[in-house]
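In our numbering, the protein residues as written are 2 to 281.
Even for Gly, the Cβ is constructed at its ideal location relative to N, Cα and C.
To start, the structure under review is shown below, and the notes come after it.
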Amino acid sequence: MKTYDLIQATVAAVRERCSLQPKVGIILGSGLGAFADSLQDKVAISYGELPNFPISSVAGHAGRLVIGTLGDAPIVAMQGRVHMYEGYTPQEVAFPARVLCALGINSLVVTNAAGGINGSFKAGDLMLINDHVNLTCRNPLTGPNEDALGTRFPDMSTAYDPDLSDILRKTAARLSVPLQEGVYAWLTGPSYETPAEIRMLKTIGIDAVGMSTVPETIVANHMGVRVAGISCITNLAAGISKVPLSHEEVSETADRVRGCFTNLLAHFLPAIAQVPRRQR
Ligand code: HPA
């Protein structure tokens with residue numbers, strides 16, 4: 002079966018439950034899912050109720066699609082995502098993002114928890130992702146291209162949309178929310194990096210490292226949907242941090258910055274709701 006048909010079946014199941022036409026999609030990373038609770042007039046659908054949707058096994062990833070409004074802006078939020086380290090292929094990991102795009106969003110906001118490498122970062126910082134490096138040697142577009150979804154060789158020179166990034170910088174400045182900026186590297190995990198790996202990442206110009214986000218960014222670009230990215234720097238990376246890395250630290254930091262992060266999203270998402278898709 003073509004991916005296009007699988008997507009359409011999932012879209013039909015979503016539309017049966019909710020007629021709202023979302024303009025902005027957001028993927029909420031580790032410990033950041035609470036934001037979806039702030040949507041108004043919302044409909045929440047468990048991933049288990051959606052045909053073809055992969056289901057996460059990680060604690061802190063609730064696994065619901067939440068559709069609702071923020072002011073006047075119609076939003077679809079993914080509360081939790083799956084990762085390649087759970088055993089899913091990059092195509093499976095990226096499938097939910099394809100469904101959001103097929104629901105008609107113009108912009109996708111991708112968020113994650115990440116380890117900070119840049120020397121000026123501290124735990125609890127938010128970072129605008131201005132570019133990424135894919136270090137997994139895997140790509141969700143591997144295999145026959147489906148022209149109904151996008152072109153064989155999509156351009157990635159503005160993978161994180163400059164217009165959305167400008168709006169994000171301005172929104173953060175207006176709210177006095179400090180916003181770092183940098184390049185995100187995608188590694189498969191699930192083991193955290195070694196100090197030697199972090200030194201290598203620093204040498205090649207990486208600011209933050211994590212185990213998600215890039216597959217969804219690639220398929221959104223494939224489908225002509227703009228992407229904005231925000232990392233929550235939940236810990237300093239291995240060898241920079243003085244303590245061993247743990248999922249508990251990641252979750253604790255995400256909890257600590259939740260208010261600031263939610264506030265930023267509550268203003269940023271309505272601000273981009275009118276931005277159209279990119280011209281192809
Ligand atoms: N490394 C990889 N992924 C992560 C980290 C990290 O230090 N922190 C949160 N996600």
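Status (buried if at least 16 other CB within 10 Å, exposed otherwise) for residue i
{"i": "G69", "result": "buried"}
{"i": "G64", "result": "buried"}
{"i": "R82", "result": "buried"}
{"i": "G260", "result": "exposed"}
{"i": "Q80", "result": "buried"}
{"i": "P179", "result": "exposed"}
{"i": "P245", "result": "exposed"}
Cβ-Cβ separation, residue j to residue i (assumed contact under 8 angstroms), whole Å
{"i": "I56", "j": "I241", "result": "The Cβ separation is near 34 angstroms, so there is no contact."}
{"i": "G32", "j": "A229", "result": "So it is not a contact: roughly 19 angstroms between Cβ atoms."}
{"i": "P141", "j": "V94", "result": "7 angstroms"}
{"i": "I207", "j": "A239", "result": "With a Cβ gap of about 13 angstroms, I207 and A239 do not count as contacting."}
{"i": "G211", "j": "G120", "result": "So it is not a contact: roughly 18 angstroms between Cβ atoms."}
{"i": "M85", "j": "T137", "result": "7 angstroms"}
{"i": "L71", "j": "A267", "result": "6 angstroms"}
{"i": "F96", "j": "L169", "result": "About 26 angstroms separates the two Cβ atoms, so there is no contact after all."}
Check whether residue i and residue j have beta carbons under 9 angstroms apart
{"i": "N131", "j": "V276", "result": "no"}
{"i": "P52", "j": "L7", "result": "yes"}
{"i": "A98", "j": "V12", "result": "no"}
{"i": "R279", "j": "V226", "result": "yes"}
{"i": "H223", "j": "Y185", "result": "no"}
{"i": "T263", "j": "F36", "result": "yes"}
{"i": "I231", "j": "L127", "result": "yes"}
{"i": "N135", "j": "V215", "result": "yes"}
{"i": "T235", "j": "A114", "result": "yes"}
{"i": "K24", "j": "G105", "result": "yes"}
Segment limits, alpha helix (DSSP H) that includes residue i
{"i": "V184", "result": "Per DSSP, V184 belongs to no alpha helix (DSSP H); it is in the beta strand (DSSP E), 180 to 187."}
{"i": "A103", "result": "91 to 103"}
{"i": "F219", "result": "According to the sequence shown, residue 219 is Ile rather than Phe. Residues 215 to 223."}
{"i": "D1", "result": "Nothing about residue 1 can be read from this structure; the chain reaches only from 2 to 281."}
{"i": "A10", "result": "4 to 18"}
Residue i, enclosing beta strand (DSSP E) - first and last residue
{"i": "H84", "result": "Segment: none, H84 is in no beta strand (DSSP E) and carries neither H nor E."}
{"i": "C233", "result": "227 to 237"}
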